[in-house]
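Novice: Using UniProt numbering, the letters of the sequence shown map in sequence onto residues 380 to 657.
Have a look at the structure that comes next, please.
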Amino acid sequence: AKRGSGRGKAHFFSAAHQSAILQNIAIEHALINGNLEDELYLEFQPIVEAGNGLPMGFEALARWRSPTLGQISPGLFIPVAERAGLISKLTRLLLTKALHQAGAWPAPLRLSFNLSVHDLSIADGLLPLISIITASGFDPRRLDLEITETAMMRDFAQVTQAIDTLKSLGVGISLDDFGTGYSSLTQVHRLPLDKIKIDRSFVVDIDKNPASHKIVKSLVALCRDMDLSCVVEGVETEEELKVLRELGCDLIQGFYFARPLSVDSIAGFLAGPERIRA
Ligand code: C2E
Ligand code: MG
Ligand code: MG
Ligand code: MG
C-alpha cells in the first residue's frame, strides 16, 4: 500500500488491513443471511497416480456464490466461518453434498474432504459428522478426511482422540498442507495417519530449486519409512512432474493433470482424462 499521503503515520490499521476487516464483516454478514444450502457447492479435483495419471479419487473443494458478494474463494470464507462460529454448519452441509455426489462414482474411487479443527470437537463437531457419514451410505473406507497440520497441532490430545473415533468407522486420515506448520516429526509419528499431503509451496520450481528438491526428497523418504502414502499438491508443469516421479512420489494433485471440476464434468473426465489435461 502507498504511504506518505501526508495524513500521518499513526493509523492503527493500514488501509489494506482496514479493507480486509470490512471485507470479512461483509462475508460474515452474507454467510449469516444467505441461503447457504443453495449458495454453497463443491468442485472436485482429481488426485492421480504419479506413474500413469489415473485418478484414485477426488478432493472436494468448497465453492460459494453469494448473490450479494459474488464468487468468494474458500481461502477467504472458511477462516471467517471458523471465527464466526459458523463452520460446523458449513461442514455439515458440504459433507452431506459431497457424500451424495461421490455416491455416483464407481468404486474404488475415493472422496477426500477437508475438515476444520472445530469439526473435531467431540460433542458439537464430531458426532453430527459421524451421523452424516453413516447415513450417507457411502462406504467410509473410500473416504479420506483431510486435516491441516496447523489444525492437528492446535489441540493434539483432542485431535488424536477425534481421529481415533473417525478411524473406527473405517475412514482414512490425511495430514494436509504438510510442511507449512511447526509439527515435529515425533508428533507426526504419533498420529494414526494414512496419507500426507505435501504442500504446494515445496513444489513450485522444484525442477530449478535445489532446496525444494531436497525437502521433498526427504519428505517422500519419511512417508515411505512411516508406511504412509504421499500426495504432492499443486503440480502445474511437466518439469515438476518429472522430478516428482524421479523422487518416487505416489500421488499427484495439481493443475497439470486437472483443475477442480464441476460435478457435471466428472463423468466426462473419467471417460477420458487426457481430454481435460490437454
Ligand atoms: P487445500 O485443502 O490445500 O486444497 C488445495 C488447494 O490448492 C485448492 O484451492 C486447489 O484449487 C488448489 N490447487 C490445486 N492444484 C493446484 C495447482 O496446481 N496450482 C495452484 N496454484 N493451486 C492448486 P481452493 O479450492 O481455493 O481451496 C483453498 C483451501 O480452502 C483448501 O486448501 C482448504 O484448506 C480450504 N477448503 C476448501 N474447501 C474446504 C471445505 O470444504 N472445508 C474446509 N474446512 N476447508 C476447505
Ligand atoms: Mg485439502
Ligand atoms: Mg492442501
Ligand atoms: Mg493447501
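Where is the CB? At the ideal position from N, CA and C, for every residue including glycine.
#1: Are at least three pairs of beta-carbons, each pair with one atom in the segment 446-463 and one in the segment 499-507, less than 8 Å apart?
#2: Could you give the first and the last residue of the continuous beta strand (DSSP E) run that contains T527?
#3: Nearest by alpha-carbon distance to M435: which of P487, L494, A600 and T616 is it?
#4: Do you know whose CA, among I575, M532 and V459, lies nearest G560's CA?
#5: Is the beta carbon of D555 within less than 7 Å of some heavy atom of ligand 2?
#6: Go through the segment 593-628 residue by residue and report every complete run of the alpha helix (DSSP H) that reaches 4 residues or more, in order.
#7: Please determine if the segment 630-646 and the segment 588-598 are in contact, where contact requires at least 3 C-beta pairs separated by less than 8 Å.
#8: Relative to ligand 1, is the shortest distance from any of its heavy atoms to the C-beta of T470 smaller than 7 Å?
#9: Over what stretch of residues does the alpha helix (DSSP H) that includes P458 continue unbroken?
#10: CA-CA distance, A541 and L401?
#11: How is R533 classed by DSSP in three states: helix, strand or coil?
#12: Go through its chain and collect everything with a Cβ distance to R444's Cβ below 7 Å, but skip five positions before and after it.
#13: Less than 7 Å between the CB of S563 and some heavy atom of ligand 1, yes or no?
#14: With DSSP run on the structure shown, which of helix, strand or coil describes R471?
#15: Between the C-alpha atoms of I405 and T565, what's the straight-line distance to the nearest angstrom?
#16: I need the boundaries of the beta strand (DSSP E) containing D555, first residue and last residue.
Specialist: Concretely, from the data shown:
#1: With the cut-off at 8 Å, the segment 446-463 and the segment 499-507 do not touch.
#2: Per DSSP, the unbroken beta strand (DSSP E) holding T527 starts and ends at L522 to T527.
#3: Nearest of P487, L494, A600 and T616 to M435, Cα basis: P487.
#4: Closest option to G560, Cα to Cα, is M532.
#5: Yes, since a heavy atom of ligand 2 falls inside the 7 Å radius drawn around the Cβ of D555.
#6: Taking only runs of at least 4 residues, the alpha helix (DSSP H) segments lying wholly in the segment 593-628 are 617-625.
#7: Below 8 Å, too few C-beta pairs join the segment 630-646 and the segment 588-598 to call them touching: fewer than three.
#8: Answer for T470: yes, Cβ within range of ligand 1.
#9: P453 to R462 is the extent of the alpha helix (DSSP H) around P458.
#10: Distance between the alpha carbons of A541 and L401 is about 35 Å.
#11: R533: helix per DSSP, three-state reduction.
#12: Correct list, in chain order: E418 and Q450.
#13: Placement of the Cβ of S563 at a distance of 7 Å or more from every heavy atom of ligand 1 is found.
#14: For R471, the secondary structure class from DSSP, reduced to helix, strand or coil, is helix.
#15: Just to set this straight, residue 405 is Ala in the shown sequence, not Ile. Their Cα atoms are separated by approximately 41 Å.
#16: D555: member of the beta strand (DSSP E) spanning G551 to F557, first to last residue.
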